[in-house]
Each structure stands twice: as C-alpha cells, then as structure tokens.
Amino acid sequence: MDTDSVHSGYSHHSSRSRGSNKQSERSSRDRHKSHSRDSSSRSDKNVTISASSAQPQQPDQSSAPTDAQDDNWGETTTAVTGTSDHSLSQEDLAGFGKETEGPVEKLNCVRFLPLALALVLGLLVLITPLSFLVLPQLMWPERLQACGTACEGLFLSLAFKLLILLLAGWALFVRPARASLPRIAVFRALLGLLTLLLLLSYWLFFGVRILDSQDENYQGIVQFAVSLVDALLFIHYLAVVLLEIRHLQPCFSLCVVRSTDGETHHYNLGQLSIQRAALVILEHYYKDFSVHNPALLTAAKSRAAKHLAGLKVYNVDGAGSDAASAQSRAKIAAAARQRDTSHNELYYEEAEHDRRVRKRKARLVVAVEEAFTHVRRLQEEEKKKPPGDEMDPREAAQAIFPSMARALQKYLRTTRQQHCHSMDSIQAHLAFCITNNMTPKAFLESYLMTGPTLQYTRECWQTRHWTLVSEASVTSPLRHGSEFQLKSSDFSLVVTSKAIPHLKLIEEYVHPKSHKFVLQLQSETSV
C-alpha cells in the first residue's frame, strides 16, 4: 500500500474542500439560511477529523466542544445594545460555569472522638484535686485540724495553678481536628496514658493513706493536692515539648511531585511520623500548588487520536482472517513515519492556542474596563440621588456582569478554566471589587493567573479524601529515603524524603594588619 500517495491525495481533498467550504459559508451568510450549519465543514480541523468515515472519532470532552462553542458563540448570544439589561441569553447565563455537585459528606462521629476523650480527661484532671479537698470535709469534718495561714496560702496557690493548667490545656488540646489520621497519634496517646496513670496512682494513695485512716492533718491533705497539680503542670510542659517544639528544627527535605503535570515543591520538616508529615504536606498543597485542571491534560490524547483518525487503510488483497491485526499494524507503521513531523504540528498548535488566548484576553480586558467605567459613572450619579435610592454593590454587579460575561466565558473556555468559576462566584467577586473600590486589573487577576487551590470553591478541589500509601508503618518516624504517596481520585502526590546534611563551619582568623601594605617610593624617579 502506498501510504504517501494516499496521504497526499487526502491533503489535496482537504484543501479543495476547504476552499469550497469558504465559498459556501460566504453565500450562506449572505442568504441567512438555516441549513448553513449542515454544510460539509466549518474549519480545517473539522475537515481533518471527519475525513475518516470508516472509524468515526469520539470528540474530546474538553478541547473539541470548547473550540466549537467558542466559534459559534456569536450565533447563539444576544447582542449588546445601549438599552439592553443583559448581553447574554437566559439559557447561557443559567448554564454559565455550572458547578458539579459532589456527594454529600456524611456526618462522621469518629473525627470528634479525640476531642471528646480530651474533654473527659481534662474534666477528670480538674475534678481530682478538688475532690481531695472536699471529701475529708464531708466525711470527718469534726476530726480535721484547723487550717492556718500556711494552709490558706496553699489554697491560693492551688487555685491559681488550676487556672493556669485549665487555660494551658485548653490552648494545647481543645482544638478542632485538622484531619482524620489513619492511626492514632503516638505522642498524644502516650501523654494521655501517662496522665491517667498519674491520676490513678494519686487516687490509690489517697484512698489507702487518707480515706482509710481518716487523716486529721488537713494541711498535709492540701499539700498532697498541690503536689498533684504540680505534677500535672510538668506533664503539660512535656506535652508542649513533644507536640509543639520537637518538630520545629528541620531535619528532612521532602520533595512533593504531582503525578499528572509534574508540579514540584520542596518542604523542610522536622522529626515527624509519616502520617503527620503527610498531613503537613496536604496543608501546604492547598496553599502552594496551583489548582488541578484535568482539562489541560487531554491535549496530548486528543492530538494522538487526531493522528490516528486521519489515517486510512485499504485492503487490496481482500478480506482475510487477520485483516484487523494487519490494519492495526499498518496504522502503527504510518504513525511511526509521521513522528518526524509531529513536533511541527505541536509547535503550530501551541502557537495558535497562545494567539487565541491573547486575543480573548485583550477582549476581556477591554470589556471589564468598560464595565468598571460604567460603574464609576453610576457611582457619580448615585451621589446626586437621595440616600434611600442608592444601588447596592450586589445589584451593581448583577447589572454590569452581562456586558462582560460573553468575553469572560470565552476566555475561560479557551484557557479551560470554566469549571473553576461559576456565575455566582464571579458576581460575588465583582461585588467585592466594587465595594472595596478596586481596579479592573485587580478584578481580572483571579482569572488571568492560576491561583492556589484554596482560592477556588470547594467543588474545584476535586477531592478532600486522600489515601496514604506507604511501605513503612505510618506511625514510624521519617527517615532518609522514605517514600510514600498521597492518592486522590484523579491524581497522586509522590513524596520522597532526604536528610538535611550535617554542616560543618570552621573559623579562619584574619589579622587586622594582614591586609595592610607599605608603599615605598624612590627619591629619584624617571621623568
């Protein structure tokens, strides 16, 4: 089979059909007939894709429909006039940037279990010293010795220590959980167990040596309760060291790579377990990584499918048993011969896409500047009206949004960001800019530049449920060479850790007079 002749004939047919299509479109626009949309094709790309009739290609969900919708936008959009309130049809405004409704997250009571246990333990810590003071007063008050000045001073010390312990425990432990970890926190469990063991020991000592013997020395009982509070304060100090201070010194450098687009960031962490390190990385991910856009990853797939769709295979020997396999091998061989020219196609496709983006951006900037100019004119007119007739910023945003919605929607579709911005979020951002007297450039910054994940709505985060995959135990500490993954529904974060090397600094003393010199001049110099 002569593939070169087939390809050249196909290209000649495409060029002839392209010229005929231009003439048919020109005549159809002049006649304003409805059957112009049923013509052979509208663009060169459509001719190339639809040439192979034997195996029709499935259109790409992110690139092809977007381009077609951008080209046909002017035929389905309401025109802008001087007296119109909307520049888009109601169907377009209703379908502008629809958000995909995700599954409703069920109430998970397990996430509140650590907080409940911390509250119960804190209540037990607060009640125990007070019980040591109240029980003797209730069981044998007539046999207790009078409390003197030293005993009353211990009461004052105990009260302030309990107040400090209460505030410190509230600041360290009574906090909303940032995430649900797969395993228990080792240090937190150790501190809780140590606190329970301390309380149990003091209760046993109090029951055996004070309750059974009905000790009459009340000052000693008060001193016993004060010693318990002192021990609890030392445990709280240990908790601060283990939970808040130990991991502050950087020990490891973690490289985080997103599997889809290869975006990479590096973070320095201290002595943490693998699950705690994964939690810190996810917190940095929503802040530092750009929002994940799956529509940008389908360009290579659509390009490869377009190459295969533009190939035709003819069986000149008749139908055989292995006709399908031979056809597949022929297509693979033809695609391999075309790989030398694929870089040219990629170059021109990227250049064409950049040109379209610059064109859409220019139109969007002009439309937004005109809308903000109209807002300033309205604000000047509102100052002349009575106070009750002033327009709300939300109403002003809804009034000027249709004038820029067409340009903004076409730009978002060209850059494949339409799923990240809904009509309500854009109007809210526009009202925010109007309220704070921002410039058009400040309004456009959220759409011209891709921001971090937290800048968008929760529906654009793709997922909030992650799976930690690690060969080592997730409660084990980080080590040099540790590797683990954080998997979501669409992509994964691959994390590798390397120990920060030990740095050795030496001192080199420089004498203050070492850099000085003496210039000796001869008495006789040459003239």
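Heads up: the sequence shown at position 164 corresponds to 164 in full-length UniProt numbering, and the numbers run straight through without jumps. Cβ coordinates follow ideal geometry from the N, Cα and C atoms, glycine included.
1) Would you be able to state if there are at least three C-beta pairs under 8 Å between the stretch 259-274 and the stretch 155-174?
2) Mind checking Ser482: buried by the 16 CB within 10 Å criterion, or exposed?
3) Please list, in chain order, all residues of the same chain as Gly270 whose beta carbon is under 8 Å from its beta carbon, the five residues on each side excluded.
4) Using only the alpha-carbon positions, how far apart do Arg376 and Ala185 sit?
5) Measuring alpha carbon to alpha carbon, tell me which residue in Leu296, Val256, Ser290 is nearest Ile281.
6) Can you give me the start and stop residues for the beta strand (DSSP E) that Tyr267 sits inside?
7) Are Tyr202 and Leu162 closer than 8 Å when you measure CB to CB?
8) Cα separation between Pro393 and Tyr447?
9) What does the alpha-carbon distance come out to for the pair Pro182 and Gln275?
10) Since Ser497 sits in a beta bridge, which residues does DSSP pair it with?
11) As an exercise, report each continuous alpha helix (DSSP H) stretch of at least 4 residues that is fully enclosed by the stretch 360-431, in chain order.
12) Quick check: Ser259 and Val495, are their CB atoms within less than 8 Å of each other?
13) Exposed or buried, which one is Lys385 when buried takes at least 16 other CB atoms within 10 Å?
14) Looking at the strands, I want to know which residues DSSP matches up with Thr467.
15) Tell whether a beta-carbon distance below 8 Å holds between Ala397 and Ile434.
16) Quick check: the Cα distance between Val291 and Ser403, rounded to an integer number of angstroms?
17) Could you give the DSSP three-state label for Pro452: helix, strand or coil?
18) Alpha carbon to alpha carbon, how far is Gly192 from Glu244? Give it in angstroms, no decimals.
19) Just curious, the alpha helix (DSSP H) that Gln275 is in, first and last residue?
20) Going by the DSSP bridge assignment, what does Ser492 pair with across the sheet?
21) Measure the alpha-carbon distance for Trp170 versus Leu123 and round it to whole angstroms.
22) Any idea what DSSP makes of Gln522, helix, strand or coil?
23) Rounded to whole angstroms, what is the Cα-Cα separation between residue 537 and Val368?
24) Put Pro477 into one of helix, strand or coil per three-state DSSP.
25) Any idea what DSSP makes of Leu197, helix, strand or coil?
Once the coordinates are examined:
1) No, they do not touch.
2) In summary, Ser482 is buried, with 16 or more beta-carbon neighbours lying within 10 Å of its beta-carbon over all protein chains present.
3) Taken in chain order, the residues that qualify are Arg246, His247, Leu248, Gln249, Pro250, Cys251, Phe252.
4) Approximately 56 Å between the Cα atoms of the pair.
5) Just measuring C-alpha positions, the residue of Leu296, Val256, Ser290 sitting nearest Ile281 is Val256.
6) Note, Tyr267: beta strand (DSSP E), 264-269.
7) No, the pair does not count as a contact, with Cβ atoms beyond the cut-off.
8) Rounded to whole angstroms, Pro393 to Tyr447 spans 21 Å at the Cα level.
9) Approximately 8 Å between the Cα atoms of the pair.
10) Note: Ser497 is bridge-paired with Leu254 in the DSSP secondary-structure output.
11) Restricted to the stretch 360-431, the alpha helix (DSSP H) segments that are unbroken, complete and at least 4 residues in length are 393-414, listed in chain order.
12) No, the pair does not count as a contact, with Cβ atoms beyond the cut-off.
13) It counts as exposed.
14) BP columns for Thr467 point to Lys487.
15) Yes, the pair counts as a contact, with Cβ atoms nearer than the cut-off.
16) Counting only the Cα atoms, Ser403 lies some 28 Å from Val291.
17) The three-state secondary structure of Pro452, taken from DSSP, is strand.
18) Linking Glu244 to Gly192 through their CA atoms gives a straight-line distance of about 16 Å.
19) Residues 274-288.
20) For Ser492, which the question treats as bridged, DSSP gives the partners Lys487.
21) Between Trp170 and Leu123, the C-alpha separation is close to 11 Å.
22) Correct three-state label for Gln522: coil.
23) Examination of residue 537 is not possible in this model, given that the chain is present from 1 through 527 alone.
24) Three-state result, Pro477: strand.
25) DSSP places Leu197 in the helix class (H, G or I) of the three-state scheme.
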